[in-house]
Amino acid sequence: MRKFIKGNEAVTIGAIYAGCDAYFGYPITPASEIAHAAAMHFPPLGKEFLQAECETAAINMMYGAAAAGKLSMSASSGPGMSLMQEGMSYLAGAQLPAVVVDIMRTGPGLGNIGPEQGDYNQAVKGGGHGNYRTIVLAPNSVQEMCDLTIKCFELSMKYRNPALLLADAVLGQMMESLTIPDGMLEKQDFSSWSVRGDAVTRKNLVCSIYLEPDLQERHNWMLQEKYESMRCETMAENYLCDDADLVLTAYGSCSRICRSAVDMLRDEGFKVGLFRPISLYPFPEEEMNSAMGGKDVLVVELSNGQYRDDVRLHLRDCDAVIGLANRMGGNLISVEEVLSKARDMLEGSP
Amino acid sequence: MIIRSKGFYDEFERKGGRRRTTHYCAGCGHGIIQKLIAEAMVDLGIQDDTVFVSPVGCAAFCYYYLDCGHVAGPHGRAAAVASGLVRAIPDKVVIAYQGDGDLGAIGFNNAFQAANRGDGFAHFFVNNALYAMTGGQLAPTTLPGQKTTTSPYGRDVVNTGEPLKVCEVFNQLDRPVYIERVSVADSKRIKQARKAIRKALEIQKEGKGYAFVEILSPCPTNMRADSVGAAEFVTKEMEGYFPLGVFRDRSDAETACCMEVAPKTVEEIVDADYAGDVIADMPELRERRYKFSGFGGQGILSLGLVIADAASEMGRHVSWFPSYGPEQRGGSASCSVVVSGREIGSPTIDHPDVLVAMNQPSLERFLPTLRQGAVLIYESSVPLNVEVPEGVNVHPFPAARIASENGVAKAANTALLGCMVELGLLDMPEAEIAEALRRSFSAKPKLIDSNMAVFEAAKEYARKELS
Ligand SMILES: Cc1ncc(C[n+]2csc(CCOP(=O)(O)OP(=O)(O)O)c2C)c(N)n1
Ligand code: SF4
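Chains as they are written, first to last, in the numbering used here: chain A, 1 to 350; chain B, 1 to 467.
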């Protein structure tokens with residue numbers, strides 16, 4: 001079964017198939033259609049929808065719902081994401097499952113509502129306080145807006161950790177065919193830690209503080225081990241990298257633009273490939289090294305090199321030439337700009 | 001302070017060791033209040049059903065003592081956490097407990113909005129006229145002239161405002177069921193506090209809605225007094241600004257119910273419209289990149305959608321990407337449609353193969369991006385005074401005239417669709433396009449016939465005049 005829909009609506013459909021119980025959110029362009037769809041579709045399914053008074057309230061309502069063992073979500077963009085960071089840190093500290101969708105707009109500050117990828121560090125490095133990580137998945141199509149939303153819920157439950165779907169305005173606003181998921185995500189039993197207001201969970205406590213430094217440290221070590229154990233969940237796409245001289249790398253909507261560039265360069269006889277990380281945390285380090293090791297690399301992003309920094313961090317080949325083609329401010333990078341940068345690198349000019 | 005109370009754990013293991021003392025200073029109101037809550041919880045038989053949300057403040061560790069489910073969230077957010085909880089477990093008893101910094105300052109709006117929504121939880125607000133945990137700073141409830149660590153010269157109301165009267169503020173709202181201010185400064189007052197707390201929990205047990213109890217509470221440590229002095233300060237000074245009493249009791253009124261929404265199944269909601277489940281690769285199909293542009297209201301976005309919908313129905317790869325936001329302002333709208341036989345790269349278009357332009361700004365903006373072999377169709381009533389790039393095939397088309405001649409002035413977009421079909425720009429059988437056009441009017445079936453007439457007339461014009 002298929003449906004031709006907007007990326008933002010596909011997120012809500014994904015949430016429905018993931019068994020999300022509640023949506024708490026505050027309107028912001030270009031993420032609002034996710035809330036519109038949830039407001040329309042959640043109540044007839046017996047799910048909760050509430051427009052919160054601000055993003056801080058929304059993330060804390062999610063904290064409450066998650067503490068009771070329910071799956072909840074919110075969607076926002078730049079300024080709202082910043083307001084949610086304290087809550088993200090608490091969710092991570094208290095080990096609660098919840099899914100937040102960031103449809104990135106421009107920044108810093110208010111920014112305009114055009115597409116950008118400037119929230120990379122905030123999302124991937126943990127934008128709140130403390131030694132925590134958020135699971136971050138980056139879709140590049142309407143299909144993945146749905147499928148990776150479901151994956152976010154799955155991983156969020158599995159690791160009892162907040163998960164973030166990091167998309168941008170292009171993916172939120174565009175329409176493509178969505179193949180409807182086969183079935184519902186399986187619910188997990190949260191009775192060992194949740195607080196549901198019943199005899200079984202009466203002795204449970206959801207919190208993120210240990211007054212005793214040794215206990216707080218032990219908690220931190222346990223979290224680090226958990227983040228380490230997430231490595232087996234990495235996801236990436238390797239498009240024609242194997243024989244490539246130059247590998248383009250990008251995530252989200254930029255990777256679509258790169259794919260067009262790769263196809264055109266291949267038509268011209270250049271050996272070019274595309275490496276696309278799908279999980280940004282855990283970062284697909286192995287996949288990246290096997291796709292890009294020993295090759296020149298062109299990073300394409302709608303931010304100031306935030307993603308390139310991670311490429312540098314994870315690429316073991318220290319001699320690799322790492323180029324950057326980027327735009328900011330709501331300007332999309334054109335296929336042409338990518339092509340010309342790639343040709344420069346292929347032809348060895350600076 | 002040693003407290004034995006029903007509803008408390010026998011030993012405070014979470015506090016570390018096998019201790020029986022609380023962490024509160026002697027003469028502190030928090031311990032008394034929590035004891036009253038615990039007792040009421042047991043007496044009402046709701047201990048298993050209760051989830052307690054603690055604040056960040058001196059009472060952050062309520063979960064050391066009260067034997068029920070516990071959630072501890074961020075400073076100021078207990079109300080918001082409770083608002084989430086009551087939606088997750090609507091039939092249970094939820095308690096939020098907050099200090100006057102927690103509720104009155106950082107979290108005020110969350111508390112206020114929860115009260116305004118009438119969220120079904122018991123809200124206990126402990127007013128000790130200062131921030132205790134962080135070292136006795138000014139709170140919104142600090143009395144005029146009162147010295148705190150951040151008002152060392154005394155509270156200056158001109159700069160920092162008058163004491164915030166939360167009961168009085170919340171009493172302006174319609175949805176709260178119960179609002180009362182009590183004190184735990186002496187045993188007579190504690191009796192009344194016990195009653196109020198019990199009342200708030202009864203209201204929860206019966207599922208009646210939001211109940212707010214403000215409790216004036218001594219903090220000897222930061223009021224810079226002994227237990228007696230602190231209690232006296234509460235009674236003599238604080239009560240002057242914060243009068244005790246019941247502000248509202250609507251617990252006997254009929255409980256309002258949520259609006260009913262007719263239930264649906266997931267299948268009904270998702271309403272997937274295409275049965276064909278795979279999008280097949282068709283390497284022989286050339287990729288076409290269409291740009292549609294005009295004024296908002298000219299149906300530019302839906303013109304693109306009809307074509308995208310037809311292509312999708314046929315199992316082709318297709319993307320539709322609209323202009324949105326600032327680009328839309330000033331009345332312009334455009335969308336990009338890519339139809340391909342293989343997975344689509346960029347859904348955005350730098351150089352369209354086909355440009356359909358309905359106004360002057362569209363020509364100015366997009367015509368220069370066309371390349372050799374591209375096709376331009378434009379509304380012929382718009383003067384073409386933009387230079388046409390070499391090798392572009394230009395088709396002026398009187399879409400507006402054809403639409404109004406056929407009785408639907410607004411259907412210029414449908415006329416352009418007919419023109420594109422006739423010029424063979426869509427690589428799809430006409431029947432599929434016509435079907436998609438009909439589908440696009442499924443919400444307004446009355447418009448189908450007239451639009452089909454425009455579609456046919458446009459095709460005929462294009463056949464005669466353009467080919
Ligand atoms: C976001 C944030 N800001 C500041 C703090 C520090 N802080 C902890 S408790 C508190 C004030 C508590 O005062 P109140 O709510 O009046 O409770 P009391 O200690 O008096 O019972 C503050 C400012 C924090 N934990 N989080
Ligand atoms: S500092 Fe004040 S509020 Fe905190 S425990 Fe001591 S008396 Fe109670």
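Backbone N, C-alpha and C define an ideal beta-carbon position, used for all residues, glycine too.
For clarity, every value in this text was computed on a predicted model and none was experimentally measured.
Quick one: Cα of residue i to Cα of residue j, how far?
i, j, result
"phenylalanine 275 of chain A", "alanine 291 of chain A", "7 Å"
"aspartate 501 of chain B", "alanine 244 of chain A", "What is shown of chain B runs 1 to 467, which leaves residue 501 of chain B out entirely."
"asparagine 128 of chain B", "lysine 35 of chain B", "17 Å"
"tryptophan 320 of chain B", "leucine 155 of chain A", "30 Å"
"isoleucine 469 of chain B", "isoleucine 197 of chain B", "An answer regarding residue 469 of chain B cannot be provided, because it is not within the stretch 1 to 467 covered by chain B."
"glutamate 460 of chain B", "methionine 358 of chain B", "20 Å"
"serine 251 of chain B", "aspartate 182 of chain A", "48 Å"
"valine 335 of chain A", "glutamate 364 of chain B", "21 Å"
"cysteine 28 of chain B", "aspartate 271 of chain B", "60 Å"
"arginine 194 of chain B", "alanine 40 of chain B", "8 Å"
"phenylalanine 295 of chain B", "valine 382 of chain B", "12 Å"
"alanine 409 of chain B", "valine 375 of chain B", "25 Å"
"phenylalanine 52 of chain B", "valine 338 of chain B", "54 Å"
"isoleucine 433 of chain B", "valine 300 of chain A", "37 Å"
"glycine 294 of chain A", "isoleucine 279 of chain B", "36 Å"
"glycine 471 of chain B", "lysine 271 of chain A", "The shown model of chain B, from 1 to 467, leaves out residue 471 of chain B, and the question about it has no answer."
"proline 243 of chain B", "glutamate 162 of chain B", "15 Å"
"cysteine 207 of chain A", "alanine 75 of chain A", "24 Å"
"aspartate 309 of chain A", "threonine 249 of chain A", "12 Å"
"alanine 68 of chain A", "valine 86 of chain B", "9 Å"
By Cβ distance, which residues of its chain are closer than 6 Å to residue i, with the 5 residues on each side in sequence left out?
i, result
"leucine 425 of chain B", "Val354"
"alanine 98 of chain A", "Met62, Ala66, Ser72, Leu91 and Pro162"
"glycine 407 of chain B", "Ser450"
"phenylalanine 397 of chain B", "Ile377, Ser380 and Cys419"
"serine 340 of chain B", "Glu287 and His317"
"aspartate 49 of chain B", "Lys92 and Val93"
So residue i is in the alpha helix (DSSP H); what residue range does that whole segment cover?
i, result
"lysine 158 of chain A", "142 to 159"
"asparagine 127 of chain B", "Asparagine 127 of chain B -> not in any alpha helix (DSSP H); beta strand (DSSP E) instead, spanning 122 to 127."
"aspartate 263 of chain A", "253 to 267"
"serine 289 of chain A", "Sequence inspection shows asparagine at residue 289 of chain A; the serine mentioned does not correspond to that position. 285 to 292 is the span of the alpha helix (DSSP H), which, as asked, contains asparagine 289 of chain A."
"histidine 30 of chain B", "29 to 43"
"leucine 223 of chain A", "213 to 229"
"glycine 93 of chain A", "85 to 93"
"threonine 56 of chain A", "55 to 67"
"histidine 351 of chain B", "It is not in any alpha helix (DSSP H) - histidine 351 of chain B carries neither H nor E in the DSSP assignment."
"threonine 141 of chain B", "Note, threonine 141 of chain B: premise wrong, no alpha helix (DSSP H); not H, not E."
"tyrosine 461 of chain B", "446 to 465"
"isoleucine 307 of chain B", "300 to 313"
Can you tell me where the beta strand (DSSP E) holding residue i begins and where it ends?
i, result
"tryptophan 320 of chain B", "317 to 322"
"arginine 175 of chain B", "Neither: arginine 175 of chain B is in no beta strand (DSSP E) and is coded neither H nor E."
"lysine 6 of chain A", "2 to 6"
"threonine 221 of chain B", "Here threonine 221 of chain B belongs to no beta strand (DSSP E); instead the alpha helix (DSSP H) covers 220 to 223."
"aspartate 168 of chain A", "162 to 168"
Relative to ligand 4, is the shortest distance from any of its heavy atoms to the C-beta of residue i smaller than 6 Å?
i, result
"methionine 259 of chain B", "Annotation note on ligand 4: not contained in the displayed structure, which lists ligand 1 and ligand 2 as its ligands."
Please work out which residues of its chain come closer than 8 Å, Cβ to Cβ, to residue i, disregarding the five sequence neighbours upstream and downstream, and give them in chain order.
i, result
"valine 142 of chain A", "Ile5, Lys6, Gly7, Ala10, Leu171, Met174, Met175, Glu176, Ser177 and Leu178"
"proline 284 of chain A", "Thr234, Met235, Ala236, Pro277 and Ile278"
"leucine 417 of chain B", "Leu303, Val306, Ile307, Ile433, Leu437, Phe455 and Ala458"
"alanine 60 of chain B", "Ser54, Ala72 and Met133"
"arginine 289 of chain B", "Ser336, Val337, Val338, Ile349, His351, Pro352, Asp353 and Val354"
What does a CB cutoff of less than 7 Å around residue i pick up in its chain, not counting 5 residues either side in sequence?
i, result
"asparagine 116 of chain B", "Leu173 and Arg175"
Self-check item: Runs of alpha helix (DSSP H) lying entirely within the segment 356 to 434 of chain B, each at least 4 residues, in chain order
Solution: Runs of the alpha helix (DSSP H) spanning 4 or more residues and lying entirely within the segment 356 to 434 of chain B occur at 360 to 366, 399 to 405 and 412 to 422, in chain order.
Quiz item: Given 8 Å as the limit, is there contact between the segment 215 to 232 of chain A and the segment 137 to 154 of chain A, that is, 3 or more CB pairs closer than that?
Solution: Counting Cβ pairs under 8 Å, fewer than three are found: no touch.
Quiz item: Is the number of C-beta pairs between the segment 237 to 245 of chain B and the segment 202 to 210 of chain B that are closer than 8 Å three or more?
Solution: No, the segment 237 to 245 of chain B is not in contact with the segment 202 to 210 of chain B.
Exercise. Pick out the complete beta strand (DSSP E) segments inside the segment 225 to 293 of chain B, 3 residues or longer, and give them in chain order.
Key: Runs of the beta strand (DSSP E) inside the segment 225 to 293 of chain B: 245 to 249.
Quiz prompt | Within the segment 96 to 148 of chain A, ranges of the beta strand (DSSP E) (whole runs, at least 3 residues) | solution = The segment 96 to 148 of chain A is shown to contain whole beta strand (DSSP E) runs of 3 or more residues at 98 to 104 and 135 to 137, in chain order.
Practice problem: Decide yes or no for the touch test of the segment 214 to 221 of chain B against the segment 147 to 159 of chain B: beta carbon pairs closer than 8 Å, at least 3 of them. | Solution: Put simply, the segment 214 to 221 of chain B does not touch the segment 147 to 159 of chain B. Fewer than three CB pairs are less than 8 Å apart.
Practice problem: Only counting runs of 4 or more residues, tell me where the alpha helix (DSSP H) segments fall wholly within the segment 303 to 346 of chain A, in order along the chain. | Solution: If we require 4 residues or more, the alpha helix (DSSP H) runs fully inside the segment 303 to 346 of chain A come out as 306 to 314 and 335 to 346.
Quiz item: Would the segment 100 to 117 of chain B and the segment 68 to 77 of chain B be scored as touching if the rule is three or more Cβ pairs under 8 Å?
Solution: A contact exists between the segment 100 to 117 of chain B and the segment 68 to 77 of chain B.
Quiz item: Hey, is the segment 322 to 332 of chain A in contact with the segment 277 to 285 of chain A, meaning 3+ C-beta pairs nearer than 8 Å?
Solution: At 8 Å Cβ cutoff, the stretches do not touch.
Self-check item: the segment 46 to 60 of chain A / the segment 127 to 141 of chain A touching (three or more Cβ pairs under 8 Å)
Solution: The segment 46 to 60 of chain A vs the segment 127 to 141 of chain A: no contact.
Practice problem: Spell out a yes or no on whether the segment 252 to 264 of chain B and the segment 34 to 48 of chain A are touching, meaning 3 or more CB-CB pairs, one atom from each, closer than 8 Å. | Solution: Output reads yes: the segment 34 to 48 of chain A touches the segment 252 to 264 of chain B.
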